[in-house]
Each structure stands twice: as C-alpha cells, then as structure tokens.
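Engineer: Here it is, the structure, as structure tokens.
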Amino acid sequence: MAVAARFPLLLLCLLLIICNNAADAELTHLHFYFHEVDAGTPNATVVNVASLHRNASTFGDVNVFDNMLREGPDPASRLIGRAQGFAVHASLDESGGISAINFVFSDYGAYSGSTLATMGHIHASGPSERSIVGGTGEFRFARGYMISKLLSSTDTSIVVVFDIA
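For the sequence shown, the positions run 3 to 167 when the working numbering is used.
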C-alpha cells in the first residue's frame, strides 16, 4: 500500500524533470545554401556510384556528394562548410528518393567545427522536409527538421536553399 501511494509522487517528479529539461532546450534556426557541381564537369561535387538500369529510369541509382555550403546563393558567397552524404533514387515513379546529409561547418561562427546529421525523403519537385537525427559540437543531441528547396539549376550545377529549425 505504501509503494502504491508513492508511485504517483515518483511519476510527478519524473514529469517535472522532463518538462524542466525540455524548457532548457535551445532553439536554433540556420539558413544556408548548398552548391552542387555535376559529375563530368571540372570540380564535380557529386558522383553517381551505382546505376543498374538499362533504360531511362533512375530508380536504384546511388549518388555520393561533397557539396559546398555557402552563406548565400551566389557561388562567390562565403564558404561556411560542406554537405557530405548520399542520395538513393528509391521511388519507382521517380518522384524522389532518400538522402542522408552530414553538414560539416568549418566557418560558421559559433558552429564552426560542429556537424549536423539529417535523413529523409527528397522530392523531385517542390520543397522537401527531412529529420535532424543528431550532431556534434554545438549540435550534440540535436533534433528537429529541415526544409530544402531547389533555388536554381543549370546543365552543370544546382543551388538548394536550406532552412533548419
């Protein structure tokens, strides 16, 4: 009987600790640009490493990339880090795929030397929302989401804008 009477008190204490820790969480908003140069061009930052199709389909393709992260959409804007990861064309109708991106910040103020890991579905058209699954340095134990949107593209490069919260 005494144990049963203490259980609600223990549960209340645990709830207060969890709420206090959640209130201490710091929200950070990041905004930057991903610059990708296609394979086969000088200074390529993306390479198709697996392609099993024998027709025009890209289903099953795997791309690996090490793209520049810049402060702005201009290719001459300040380099703040790299976006390193892979993308798998995992949709039969070619409407998107899966990507894992590790953002490595080299010159981004207080975030320099930190990384942010993301994972999720990319849409071939329109914005994509993906999960933040962790990080290092200033982003240790990071959780949240990011939204990316294709800003511009040419025959040899693309620029994607990222908003991370």
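For every residue, glycine included, the Cβ atom is placed at its ideal position computed from N, Cα and C.
Excluding five sequence neighbours on each side, which residues of the same chain lie with their C-beta closer than 6 Å to the C-beta of Val-39?
Structural biologist: The count along the sequence shown starts at 1 and reaches residue 39 at position 37. Cβ within range, chain order: Asn-45, Ala-46, Thr-47 and Ser-159.
Engineer: If you follow the beta strand (DSSP E) that Gly-125 is part of, which residue opens it and which one closes it?
Structural biologist: Walking along the sequence shown from the start, residue 125 turns up at place 123. Gly is not the amino acid found at residue 125; the sequence shown has His there. 117-125 is the span of the beta strand (DSSP E), which, as asked, contains His-125.
Engineer: Which residue marks the beginning of the beta strand (DSSP E) containing Glu-131, and which one marks its end?
Structural biologist: Locating residue 131 in the sequence shown gives position 129, where the first residue counts as 1. Start and end: 130-138.
Engineer: Could you tell me which uninterrupted beta strand (DSSP E) segments, each at least 3 residues in length, are contained entirely in the segment 75-116, listed from first to last along the chain?
Structural biologist: Counting whole runs of 3 or more residues, the segment 75-116 contains the beta strand (DSSP E) stretches 81-90 and 98-107.
Engineer: Which one of Gly-99, Ser-150 and Phe-88 has the shortest CA to CA distance from Val-163?
Structural biologist: As a position in the sequence shown, residue 163 is number 161, starting the count at 1. Val-163 has its Cα closest to that of Ser-150, out of Gly-99, Ser-150 and Phe-88.
Engineer: Under the rule that 16 or more other beta-carbon atoms within 10 Å means buried, what is Val-161, buried or exposed?
Structural biologist: As a position in the sequence shown, residue 161 is number 159, starting the count at 1. Label assigned to Val-161: buried.
Engineer: Do the CB positions of His-55 and Ser-97 come within less than 8 Å of each other?
Structural biologist: As a first step, residue 55 must be located in the sequence shown, where it is residue number 53. As a first step, residue 97 must be located in the sequence shown, where it is residue number 95. Not in contact: His-55 and Ser-97 (Cβ atoms no closer than 8 Å).
Engineer: Name the one or two DSSP bridge partners that Leu-152 has.
Structural biologist: Against the sequence shown, residue 152 aligns to sequence position 150. Looking at the DSSP assignment, Leu-152 forms a beta bridge with Val-162.
Engineer: Once DSSP output is grouped into helix, strand and coil, what is the label at Phe-61?
Structural biologist: Numbered from 1 along the sequence shown, position 59 holds the residue referred to as residue 61. Three-state result, Phe-61: coil.
Engineer: Can you tell me whether Leu-94 is buried or exposed? The criterion is at least 16 other CB atoms within 10 Å of its CB, across all chains shown.
Structural biologist: Position 92 of the sequence shown, counting from 1, holds the residue named residue 94. With fewer than 16 Cβ atoms within 10 Å of its Cβ, Leu-94 is classed as exposed.
Engineer: Let me make sure I understand the geometry here. Which of Ala-78, Phe-34, Asp-76 and Thr-156 has the alpha-carbon closest to that of Ala-85?
Structural biologist: What you label residue 85 is simply residue 83 of the sequence shown in a count that begins at 1. Comparing Cα-Cα distances from Ala-85 to each of Ala-78, Phe-34, Asp-76 and Thr-156, the minimum goes to Phe-34.
Engineer: Checking 8 Å against the spacing of the C-beta atoms, do Ser-114 and Gly-122 come in under that value?
Structural biologist: Here residue 114 corresponds to residue number 112 of the sequence shown, with the count starting at 1. Here residue 122 corresponds to residue number 120 of the sequence shown, with the count starting at 1. No, Cβ-Cβ distance for Ser-114 and Gly-122 is not below 8 Å.
Engineer: Give me, in chain order, the residues of the same chain whose beta-carbon lies closer than 8 Å to that of Ser-155; leave out the 5 immediate sequence neighbours on both sides.
Structural biologist: For the purposes of this step, residue 155 is taken as the residue at position 153 of the sequence shown. Val-161, listed in sequence order.
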